[in-house]
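Note sheet for the following structure.
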Amino acid sequence: MVGLDAPGKTTILYKLKLGEVVTTIPTIGFNVETISFNSRNWTVWDVGGPDKIRPLWRHYYQNTSAAIFVIDSNDRDRIEEAIFEWRRLTTSPELIGVPC
């Protein structure tokens, strides 16, 4: 799970894991949790989104079953930046054939 910094990736991860909204701090690096969804266990990597970390995202793509890109729809000032990063994600050679 990737996206710009502060769209709610960590909040989503822990809502799925714990069933409740928890207070979070900005992610430096990543959070990883196993969640149960639709009778399956999923390992979800929540990777930090600051611009200096984004070039490292590709190192998390290995053995990926799906990619989730989180956008803060209220942050209209950064929509173009989010679209640019989403396009970079969806055209990454490591993710060919992976649902995004």
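Using full-length UniProt numbering, you'd call the opening residue of the sequence shown number 1 and step up by one each time.
We put the CB at the ideal spot given by N, CA and C, even for glycine.
Proximity to residue i [Cα-Cα], best of the options
i	options	result
residue 6	21, 14, 38, 75	75
residue 23	29, 11, 34	11
residue 28	20, 9, 17	9
Per-residue DSSP class, three states only, for residue i
i	result
residue 53	coil
residue 111	Summary: the structure shown does not reach residue 111, with the chain confined to residues 1 through 100, and so no result is reported for it.
Per DSSP, cross-strand counterpart(s) of residue i
i	result
residue 20	None, per the DSSP bridge assignment.
residue 40	37
residue 31	46
residue 2	69
Assigned exposure category for residue i - 16 Cβ within 10 Å defines buried
i	result
residue 47	buried
residue 42	exposed
residue 89	buried
residue 49	buried
Proximity test, Cβ basis, 7 Å: residue i and chain B
i	result
residue 33	Judged by its chain identifiers, the structure shown contains no chain B, having just a single protein chain.
Contacting residues, own chain, Cβ-Cβ under 7 Å from residue i (five flanking each side not counted)
i	result
residue 85	4, 54
residue 31	10, 13, 46
residue 92	58, 61
Nonlocal neighbours in the same chain, by C-beta distance under 6 Å from residue i, ignoring five residues either side
i	result
residue 60	45, 47
residue 25	none
residue 99	66
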